[in-house]
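S.K.:
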Amino acid sequence: MTEQRRWAVVTGASTGIGRATTKALVEHGLGVFGSVRKQADADSLSDEFGDQVVPLSFDVTDPEAIAEAVKAVHEVVGDQPLAGLVNNAGVAMAGPLMHIPMEELRQQFEVNVFGLMAVTQAFLPALGARRGSKGVPGRVVNVSSVAGRITAPFLGAYAASKHAVEALSDALRRELLIYGIDVIVIQPGAIKTPIWDKAEALDLADADDTDYATILPGFQKMMLHQGRNGLEASRVGNTVVQALTTASPRTRYPIPDQPWVGWRIPRLMPDRWVDRAIAKQVGLRPPTDS
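Per numbering that gives the first Met the number 0, residue 0 is the first one in the sequence shown, and the count goes up by one each step.
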């Protein structure tokens, strides 16, 4: 009797980290349910991976679509637990917190935090979080960011959402011990993905008439340079495979693009020292009267 293929769900599978993760999991022998929002992206996944990937059309902020996706997964895997749920879908917003419209701040959390939790709650029974579940329980992998531990100016909304993901992951990991379901966090730094094309077109007009107006273009240029010279998305995909398949995974896998300057040193330095270093780098000086 041949062993039945195990499956994982990957949200935001159309491009970037999600696409690379899908590819890495397929190469490791897993089937993947990849969530997309556009039919063209579903077709692209099917063209590249064939029956090894089943596209799921849902937005993480749409409860009814998530429920339909759970039904579609059940039709394929039956009562066999999923090998994993990879919460990758997310958005990034930028701007000084003093001037970000509240609806944009709420949307940041709606996708990155509440959407992640909605998907997790919906798929946990399929991972083995139910009485009488048979088979090896699956794992939850949450794609956070180095920003989940180190906050940069003008990325406060995004960093706050990732800090929330970190806390939720810790609580879930402990609560799900009764089912044997592990929760692992991936913390990428700058990764070469299409998100940087969106960042270049980012509308920072809300700050045009503020004291940050002359600072933000330089910050945006710096971030674009860092992103486009970042790590390959495959680094994250391969790490997700490790998190889902190794016998004793770590609780967190940091993947900083600048291991010392962007990760180790800032976490060791006093906060005020980090403040001064960032202020010098970004140009955060008090405004001068004209």
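Heads up, the beta-carbon is just placed ideally off N, CA and C, and yes, glycines get one too.
1) For the alpha helix (DSSP H) containing Phe108, name the first residue and the last one.
2) If I measure Cβ to Cβ from Val235 and keep anything under 8 Å in the same chain, skipping five residues before and after, which residues do I get?
3) If we ignore side chains and look at the alpha-carbon of each, how far apart do Ser13 and Leu44 end up?
4) Rank Arg148, Pro80, Phe153, Ser34 by C-alpha distance to the C-alpha of Ala166 and give the top, closest one.
5) Quick one: grab the DSSP three-state call for Ala39.
6) According to the Cβ coordinates, are Gly81 and Gly137 closer than 7 Å?
7) At which residues does the alpha helix (DSSP H) containing Ser233 begin and terminate?
8) Is the segment 226–245 in contact with the segment 148–163, if contact means three or more CB pairs nearer than 8 Å?
9) Does the separation of the CB atoms of Val139 and Val182 fall below 7 Å?
10) Using a threshold of 7 Å, state whether the C-beta atoms of Gly94 and Asp205 are closer than that.
11) Please name the residue in Thr119, Tyr211, Gly131, Ala156 whose C-alpha comes closest to that of Ala170.
12) Can you tell me where the alpha helix (DSSP H) with Val273 in it begins and where it stops?
13) Going by DSSP in three states, Tyr178 sits in which element: helix, strand or coil?
14) Just to confirm my understanding: we take Ala88, look at its own chain, exclude 5 residues before and 5 after, and list those with CB closer than 6 Å. What are they?
15) According to DSSP, simplified to helix, strand and coil, what is Pro187?
16) Looking at the unbroken alpha helix (DSSP H) that takes in Ile264, where does it start and where does it end?
17) What residues in its chain sit with their C-beta under 8 Å from that of Arg284, if we drop five residues either side in the sequence?
18) Considering only their Cβ atoms, is the gap separating Pro62 from Val35 smaller than 7 Å?
19) If you draw a straight line from the C-alpha of Met92 to the C-alpha of Gly131, how long is it?
20) Given this structure, state the Cα-to-Cα distance separating Asn86 from Arg172, to the nearest angstrom.
21) Whether or not the segment 255–272 and the segment 206–213 are in contact is what I'm after, with contact meaning three or more pairs of Cβ atoms, one per stretch, closer than 8 Å; do they touch?
22) DSSP has Phe32 in a bridge; who is on the other side?
23) Please state the DSSP three-state secondary structure of Ala19.
24) Looking at C-alpha atoms only, which residue of Arg4, Trp6, Ala23, Arg5 is the closest neighbour of Ser233?
25) Looking only at C-alpha atoms, which of Ala156, Leu175, Leu243, Phe153 sits nearest to Pro124?
26) Starting from the C-beta of Ser144, find all residues in its chain whose C-beta is less than 7 Å away, skip the five residues before and the five after it, and write them out in chain order.
27) Alpha carbon to alpha carbon, how far is Lys133 from Gly30? Give it in angstroms, no decimals.
28) Please state if the CB of Ile65 and the CB of Ala117 are separated by a distance shorter than 7 Å.
29) In chain order, what residues of the same chain lie with their CB nearer than 8 Å to the CB of Pro248, ignoring the 5 residues before and after it?
M.R.: By the coordinates alone:
1) 101–108
2) Ile16, Ala19, Thr20, Val142, Ile185, Pro187, Ile190, Ile254
3) 7 Å
4) Arg148
5) helix
6) The displayed chain sequence assigns Leu, not Gly, to residue 81. Contact flag set, yes.
7) 232–244
8) no
9) With respect to the 7 Å criterion, Val139 and Val182 are classified as neighbours on the basis of their beta carbons.
10) yes
11) The shortest C-alpha separation from Ala170 is found at Thr119.
12) 270–281
13) Of the three classes helix, strand and coil, the one that applies to Tyr178 here is helix, per DSSP.
14) Thr10, Gly11, Val59
15) Three-state DSSP puts Pro187 in a strand.
16) Looking at the DSSP string, the run of the alpha helix (DSSP H) that includes Ile264 is 264–267.
17) Excluding positions up to five away in sequence, the list reads Ala278.
18) no
19) 42 Å
20) 14 Å
21) By the Cβ criterion, the segment 206–213 is not in contact with the segment 255–272, since fewer than three pairs of Cβ atoms, one from each stretch, lie closer than 8 Å.
22) Val8, Val53
23) Three-state result, Ala19: helix.
24) Ala23
25) Leu175
26) Lys161, Gln186, Pro187
27) Taking the Cα positions, Gly30 is about 19 Å away from Lys133.
28) yes
29) Take Pro248, set aside five residues on each side of it, and the residues of its chain with a beta-carbon closer than 8 Å to its own are Arg138, Asp181, Ile183, Gln241, Ala242, in chain order.
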